[in-house]
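Scroll down for the structure; my scribbles are underneath it.
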Amino acid sequence: MLKKILLIVVIFQFSSCTELQQVINQLPNGGITNDQIAGGLKEALNRGITNQVTKLAVDDGFYKNELTRILLPEELQKVDKTLRAIGLSKLADEGLKVLNRAAEDAVGEAIPVFVDAIKEMTFTDAKNILLGEKNAATQYLQTATSEALYQKFNPIITNSFQKVGADKIWTNLITKYNNLPLTNNVNPDLTDYVTVEALKGVFAMVEVEEKEIREKVSSRTSDLLKKVFALQDK
1 MLKKILLIVV IFQFSSCTEL QQVINQLPNG GITNDQIAGG LKEALNRGIT NQVTKLAVDD
61 GFYKNELTRI LLPEELQKVD KTLRAIGLSK LADEGLKVLN RAAEDAVGEA IPVFVDAIKE
121 MTFTDAKNIL LGEKNAATQY LQTATSEALY QKFNPIITNS FQKVGADKIW TNLITKYNNL
181 PLTNNVNPDL TDYVTVEALK GVFAMVEVEE KEIREKVSSR TSDLLKKVFA LQDK
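Heads up: the sequence shown begins at 1 in the working numbering, then just goes up one per residue.
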């Protein structure tokens, strides 16, 4: 075990794929190829998308998931609390639901963007992910896809608000709030906010799966995953 740990530490000191491969070949169990390392990381990311991100693309995928549920922005939380305090909890709940429904509508567009990013992963990317932080794969996807995902999500969320009448719901909700005595008028545009929160939810779910694979041997459900992630085990 000590030999294995020392060899993995040495890996960080090599910059070329050839030198890295020479070290990897000395690892127990006959070594592992560059293609296997890249393939294992790609399989792990694809599994995260299949197992976790798709859960968000259904009714209540965001709304009933404590990890991803979209709440009101801070400046609007007073609206929610005030409406509930005066017996308008149903209206407040409906306001939250339409925000989450819009995110659920948009998530389906994430999968092809992720697939393209995973296809472009290089061996250097895979090496850095494997021997990096526990959320290194999630960070890779965030860097590679956030801009494209925002451009995909934003118009879908705008259309979703219109489709479910969110504009009317929020106009009604905010009008009632603004008509209350001793309140300051608010009139926010929530599209950008919900887009950003939807992206946070997507990456949070990818990170859940990455953590499972890194920390639990039982979650490595293929021989390739077992072989590749054994390299980062202590």
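The beta-carbon is built from N, C-alpha and C at its ideal position, and this holds for glycine as well.
Same chain, Cβ closer than 8 Å to residue i, five either side skipped, listed in chain order
i, result
"Val53", "Val107, Ala110, Ile111, Phe114, Val202, Met205 and Val206"
"Lys211", "Lys134 and Asn135"
"Ile86", "Leu180"
"Leu149", "Glu109, Ala110, Val113, Leu199 and Val202"
Nearest neighbour of residue i, chosen from the options [CA to CA]
i, options, result
"Ile248", "Leu99, Ala198 and Gly40", "Summary: the structure shown does not reach residue 248, with the chain confined to residues 1 through 234, and so no result is reported for it."
"Lys78", "Leu180, Pro155, Ile156 and Lys216", "Leu180"
"Asn159", "Leu56, Tyr177, Lys90 and Ala102", "Ala102"
"Lys90", "Ile169, Asp192, Glu215 and Ser218", "Ile169"
"Thr221", "Tyr150, Ala38, Gln36 and Ala44", "Ala44"
"Asn172", "Leu88, Glu74 and Lys42", "Leu88"
"Gln151", "Tyr177, Leu131, Asp192 and Gln162", "Asp192"
"Lys42", "Phe153, Gly132 and Lys119", "Lys119"
"Gly48", "Val208, Val217 and Leu71", "Val208"
"Ala38", "Ile86, Lys127, Lys176 and Lys216", "Lys127"
"Asn46", "Met121, Glu66 and Ala148", "Met121"
"Ile70", "Lys216, Leu96 and Gly132", "Leu96"
Spatial neighbours of residue i in its chain, beta-carbon cut-off 6 Å, leaving aside the 5 residues before and after
i, result
"Ala92", "Asp80, Leu83 and Arg84"
"Arg214", "Lys134"
"Asp105", "Ile156 and Ser160"
"Ser218", "none"
"Thr50", "none"
"Gly132", "none"
Other residues of its chain near residue i: CB distance less than 7 Å, five sequence neighbours each side excluded
i, result
"Gln21", "Note on Gln21: pLDDT 48, under 50, position unreliable in the model; no value is reported."
"Val164", "Val98 and Arg101"
"Ala117", "Leu141, Ala144 and Thr145"
"Thr68", "Leu56, Phe62, Gly201, Ala204 and Met205"
"Gln36", "Leu224, Lys227 and Val228"
"Glu94", "Ile169"
"Thr138", "Phe203, Val206, Glu207 and Glu210"
"Asp59", "Glu104"
"Asn154", "Thr191 and Thr195"
Continuous alpha helix (DSSP H) stretch holding residue i: start and end
i, result
"Asn159", "Ala136 to Lys163"
"Ser205", "According to the sequence as given, residue 205 is Met; it is not Ser. Thr191 to Glu215 is the span of the alpha helix (DSSP H), which, as asked, contains Met205."
"Ala57", "No alpha helix (DSSP H) contains Ala57, which DSSP labels as neither H nor E."
"Pro73", "Where Pro73 is concerned, there is no enclosing alpha helix (DSSP H), given that its DSSP letter is neither H nor E."
"Glu104", "Ser89 to Val107"
"Gly39", "Asn34 to Asn51"
"Asn128", "Phe123 to Leu130"
"Asp233", "Note, Asp233: premise wrong, no alpha helix (DSSP H); not H, not E."
"Ile86", "Run containing Ile86: none; DSSP gives neither H nor E here."
"Phe114", "Ala110 to Lys119"
Practice task
State whether the segment 224-234 contacts the segment 190-197, with contact taken as three or more CB pairs (one from each stretch) at a distance under 8 Å.
Solution key: no
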